Amino acid sequence: MTSASFSAGTGVTPLAFSVNPSYPVRAVLHTGLVKALTEGGDEYSYGKGPGYILHYLRFEGLPAVDFDGGYDYAAGTQEAGTQSLVNWFLNAAGVGTFTYQDPFGKLHEVSFADDRLEFAMADYGLYDGVITLKQRIGRT
Amino acid sequence: MRQLNQDFSARKELKTSSPVTLAVFHFPDGDAFVSDRSLTAGEGGPYFKGLVTSWGSLSTPGHGLFSIGLPEITIELANTGDTPFSSLLEACVPEDTYVDLYQWFEGLDYADKELIGRFVISSPVSYNESNVRLALVGAFVRKNRLIGKKISRDEYPQVDPDAVGRIENIIYGSPRNVACPAVVAGGFSTLASDISAAYTALEISGGVDEASFPAAPFTLVCDKEEMRVASCGAAPFKTWTVTRGYNGTTATAHKKGARLYEKRTGYTFLVAGHPVKSIGDVYVGGVRVLSGVTRNVDDGGKATVVFTDKFKLEKSVDLSMSDDGHAHSGGVSSRRFYGQPFTLYGAGQGAWYSSCCSVNTGASLGTIQSVTLHIVMRDHLVQSGSDPQFHVRGTGLSEQSTHFMNTQGYISIARSFTTSINNWGVWSIDVMADNGMLDQNYTPVSHPAIDEVYWDVAYTPNTSNNTSGVSLSGNSAADFIVGGKVTCDVDGYQDGASGAYTGTPSSLIENPADVTGHFLVNYMGVSMDELDASFTAARGPLSQAIPGGYRFAGVINSPADAFDLLEGWSAQSRLKVVHDGVSAGLVFIDNAVSSPVKVIHKKMVKEGSPMVSRTGREEVINRMDIHYLKDFKADGNSVGDYAALAGSSAAYPSEGDTASVALYGPKATARPTLFGFVADAAMASDLRDFYITRFKDVKRRLTMTLFLDNFELEEGDVLEMDYVSTAFDISGSRFYVEKTAFAPGSAVRGRADCITVQAREV
């Protein structure tokens with residue numbers, strides 16, 4: 098088992114999490130199909146686009162250094178040579194895609210599914226929260 | 003029902019086909035292809051970027067059976083990437099940017115996509131750094147415009163000031179009595195003061211009217227006299243020097259306010275702002291003009307009538323008498339002449355008091371028929387003798403006596419005497435008191451009083467007894483009318499040599515379908531290629547609706563919104579105009595339904611979607627008055643401007659539909675129905691029958707959601723329901739499609755592509 102991490106190509110310092118997402122790690126598969134029934138019981142079912150997976154990464158006790166270590170809120174910059182989830186969310190990845198390596202070493206091209214990041218400091222210097230990642234699959 | 007290409011039709015019938023809605027924005031710098039997913043749209047198709055995050059529902063708001071429906075839809079797009087979508091919007095004029103929406107299915111060639119419609123970007127448009135939201139409206143909105151070219155002095159320097167600002171007539175069919183404004187009218191003014199026959203310095207009223215007079219010298223006409231204007235004097239040109247009685251006319255006196263107009267070789271009246279097929283009878287002030295007018299069906303692209311002179315109308319009265327030698331005996335008149343009251347002092351009893359109470363009648367008033375003398379006397383008598391009396395004589399009166407038998411006390415006696423007077427002049431009387439009249443002192447009365455004396459004359463007046471010729475003869479010139487409102491009967495637009503609009507070369511454009519097509523092309527900027535086959539197809543039912551067919555006859559003579567005109571024509575022809583932004587079509591709305599275009603089975607209706615409602619009482623029409631045969635001389639558009647009324651019709655008497663009236667009460671349209679392009683009684687009757695038949699009952703209205711296998715449905719289609727339900731007894735019933743709304747599906751929202759249909763029971 099490896100550590101979960103985010104990477105986005107050269108020039109961007111990867112974010113390697115000190116703790117892995119807690120179990121169960123939910124992954125919801127959306128097929129991109131729509132279905133509708135008629136009054137007569139017939140079913141219309143067809144694809145309306147590519148399917149996708151929503152990965153729900155639930156962190157418990159994420160160290161502050163992973164959460165926002167080295168991040169200057171006033172300047173909106175990250176200390177050189179370091180990386181944090183906050184910086185990744187706000188700057189490094191933004192609305193674009195990046196690579197998520199799961200604890201089993203599998204790579205996923207993902208993007209943040211939500212427009213906000215909600216973590217709570219559950220203990221001193223330790224954060225709890227969920228990251229939702231969207232991974233497109235199937236047809237393009 | 004829309005006609006779809008074969009491959010598309012086959013694909014839409016499959017319940018597993020994947021529909022894709024495509025949008026092509028035609029920006030100035032190139033087309034932008036977007037959809038709700040990134041894809042290459044089939045063989046030969048471009049790459050569509052998946053920027054659309056949400057499609058709204060494509061619906062067509064409308065408020066009536068014949069309203070012009072403009073489809074609307076909202077779209078939300080992601081505003082990200084190196085070239086955010088908002089940057090494209092900022093680089094264009096959104097309202098000038100066309101957007102084509104297509105429906106396509108995966109697996110089809112790009113060429114097999116079907117157009118949903120052409121749109122333009124409309125408000126609201128809003129965007130931020132992540133999203134763009136914009137609305138689209140049917141591109142036909144850009145064809146709407148104000149119709150009517152104004153008559154101006156710039157184009158017509160000699161125009162009648164009253165015509166400036168009016169619009170050039172647009173004429174279809176064969177309207178009668180079309181008002182024709184004067185566009186070459188010459189100068190016009192009025193006299194500011196009375197002038198004699200010799201007066202040569204005219205004071206004219208001035209103002210804007212004389213602005214169209216040419217520079218002197220020119221010839222002026224006042225009543226029947228022509229004058230040569232040598233000079234218009236100094237500014238402000240209100241005192242003109244003229245030669246009277248010009249061109250062999252007779253100088254006469256004219257009154258203040260008399261009309262002055264410039265004599266020209268021609269006076270031009272504009273029939274229409276376009277060539278017409280023919281011009282029939284011409285009228286001035288309602289009087290048909292038999293000569294002196296030239297009809298020009300194409301006078302440099304317009305239709306005109308030209309008069310060689312101002313039309314003059316003498317509304318004179320001939321006062322000559324046909325039997326002027328007849329002795330006219332008029333009625334007898336009467337006159338009363340009073341003499342002065344008098345008391346006979348000084349004269350003794352038995353002595354005459356002469357020439358008292360005289361009058362002078364003056365000159366003869368006519369032939370005397372009779373003169374009666376009336377006398378009222380008084381005195382106070384203690385007693386009277388055996389034969390008290392007094393005597394009177396006078397002009398035309400021999401001595402007469404009158405008696406006071408056994409009279410005593412205060413007396414007042416009135417007596418009348420017929421005289422033989424037959425001449426006017428001085429008339430008088432003599433009075434004498436006789437025996438037996440004793441006063442309060444028991445002495446004979448010597449001074450009786452004449453309280454009142456007068457002569458009543460009956461005579462035949464001089465003027466009614468003239469046996470020579472009566473002097474009243476000849477024509478009165480008091481109602482000498484120059485000019486007047488010019489109107490004419492016209493056959494309006496005619497088709498060209500190819501018969502592009504009517505199918506028959508050079509024929510009159512009067513079938514409402516042809517009129518609508520011609521108007522769209524010539525006044526709204528629609529190209530001939532945009533008129534679909536329904537224009538030709540609609541001609542048939544219209545020509546067969548009544549003997550002779552539906553024919554328009556009307557004039558556009560005031561500024562009008564094009565859509566309002568089209569909607570008005572639709573109501574008068576039952577032809578609904580539809581336009582998808584690329585092509586225009588007509589839908590003939592008929593109450594007689596031969597067969598449905600489609601049977602809707604229960605297995606085609608989205609689960610849970612059917613709903614039945616009932617049309618409201620406010621939609622009921624069970625009696626109706628249609629005002630038609632508009633008077634195009636009139637400027638207004640009220641009931642009084644229409645010469646005919648269809649208050650009853652072939653199917654319904656004036657009381658309307660009896661059963662409906664009994665159920666709902668008499669229900670008519672909220673406003674008077676004014677059909678300005680209907681001139682035929684049979685057409686008005688047929689329209690009245692159509693409306694009452696269609697709206698006399700409250701009907702069921704069915705709303706249901708279908709899928710894209712019903713993509714071809716459109717307004718006006720008739721559906722038959724194959725739908726057995728305990729809730730709805732609609733199976734076998736037929737419904738007119740009133741509206742359709744298309745909602746593209748969404749994988750994110752788990753929503754299938756749907757067509758929502760609103761239909762009214764037949």
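Line order of the protein sequences matches chains B and X.
Quick note: the first sequence, position 7, residue 104 per my numbering, numbers continuous.
Quick note: the second sequence, position 549, residue 551 per my numbering, numbers continuous.
No residue lacks a Cβ here, since even glycine has one placed at the ideal position from N, Cα and C.
From a predicted model like this one, the values you see are computed outputs, not experimental measurements.
Asked	Found
Taking beta-carbon pairs under 9 Å, can you tell me which members of the segment 131-147 of chain B lie near chain X?	V131, K132, A133, L134, T135, E136, G137, G138, D139, E140, Y141, S142, Y143, G144, K145, G146, P147
Can you find a CB in chain X that lies within less than 8 Å of the CB of R213(B)?	no
Between the Cα of T421(X) and those of K257(X), Q402(X), I415(X), spot the shortest distance and give me the residue it belongs to.	Q402(X)
By a C-beta neighbour count over all protein chains shown, 10 Å radius and 16 as the cutoff for buried, is N559(X) buried or exposed?	buried
Is L134(B) helix, strand or coil by DSSP?	strand
So which residues on chain X does G129(B) lean against when the C-beta distance must stay under 8 Å?	A749
Flag A754(X) as yes when its Cβ comes closer than 7 Å to any non-hydrogen atom of the ligand GTP, and as no otherwise.	Among the ligands in the structure shown, none appear at all, so the ligand GTP cannot be discussed.
Given a limit of 9 Å on CB to CB distance, which residues of the segment 4-32 of chain X reach chain B?	L16, K17, T18, S19, S20, P21, V22
State the DSSP-derived secondary structure class of D516(X), mapped to helix, strand or coil.	helix
Run through chain B and tell me which residues come within less than 8 Å of H603(X), C-beta to C-beta.	G137
Kindly list the residues whose CB is nearer than 7 Å to the CB of G649(X), restricted to its own chain and excluding five residues on each side of it in sequence; keep chain order.	D627, S656
Just to make sure I have the definition right: I need the residues of chain B whose C-beta is within less than 8 Å of the C-beta of P561(X). Which are they?	Simply none; closest approach about 49 Å.
Report yes or no: is there a C-beta of chain B within less than 8 Å of the C-beta of R135(X)?	no
Is the separation between the beta-carbon of V523(X) and that of V278(X) shorter than 8 Å?	no
Which value, in whole angstroms, describes the spacing of the CA atoms of F344(X) and P463(X)?	32 Å
Have a look at D516(X) and G618(X) and give me their C-alpha separation to the nearest angstrom.	35 Å
Compare the C-alpha of D688(X) against each of F737(X), Q546(X), W354(X), E717(X) and name the closest.	Q546(X)
Please name the residue or residues paired with W242(X) in a DSSP beta bridge.	L204(X)
With a cut-off of 8 Å, does the C-beta of R39(X) fall near any C-beta of chain B?	yes
From the DSSP output, which residues share a beta bridge with H629(X)?	L647(X), L676(X)
Could you say which of K600(X), D531(X), V726(X) lies nearest to S585(X) if we only look at CA atoms?	D531(X)
Reducing DSSP to helix, strand and coil, say where S422(X) ends up.	coil
Within the 8 Å Cβ cut-off, does M606(X) reach chain B?	yes
List in chain order: all unbroken beta strand (DSSP E) runs of 3+ residues lying wholly within the segment 13-99 of chain X.	21-29, 32-37, 54-57, 74-80
Under a Cβ-count criterion, where at least 16 other Cβ atoms within 10 Å of its own Cβ denotes burial, should S20(X) be classed as buried or exposed?	buried
Three or more C-beta pairs closer than 8 Å, one from the segment 596-616 of chain X and one from the segment 533-549 of chain X: is that the case here?	no
Consider the Cβ of E609(X): report whether some Cβ of chain B lies at a distance smaller than 8 Å.	yes
Going by the beta-carbon positions, is the gap between A216(X) and A232(X) smaller than 8 Å?	Ala is not the amino acid found at residue 216(X); the sequence shown has Pro there. Result no, Cβ atoms of P216(X) and A232(X) do not sit closer than 8 Å.
Which of the three DSSP states, helix, strand or coil, is assigned to N249(X)?	coil
If you measure beta-carbon to beta-carbon, which residues of the segment 533-560 of chain X are closer than 8 Å to chain B?	none
In angstroms, rounded to a whole number, what distance separates the CA positions of K51(X) and F692(X)?	50 Å
Counting only Cβ-Cβ distances shorter than 7 Å, please list the residues of the segment 728-755 of chain X near chain B, keeping chain order.	G747, S748, A749, G752, R753, A754
Here's the rule I'm using: 16 or more other beta-carbon atoms within 10 Å means buried, otherwise exposed. How should F744(X) be labelled?	buried
Anyone know if the C-beta pair for S414(X) and V455(X) falls short of 8 Å?	no
Check the Cβ-Cβ distances between F521(X) and every residue of chain B, and say whether any is below 8 Å.	no
Using a 10 Å radius around the Cβ and a threshold of 16 neighbouring Cβ atoms, would you call F590(X) buried or exposed?	buried
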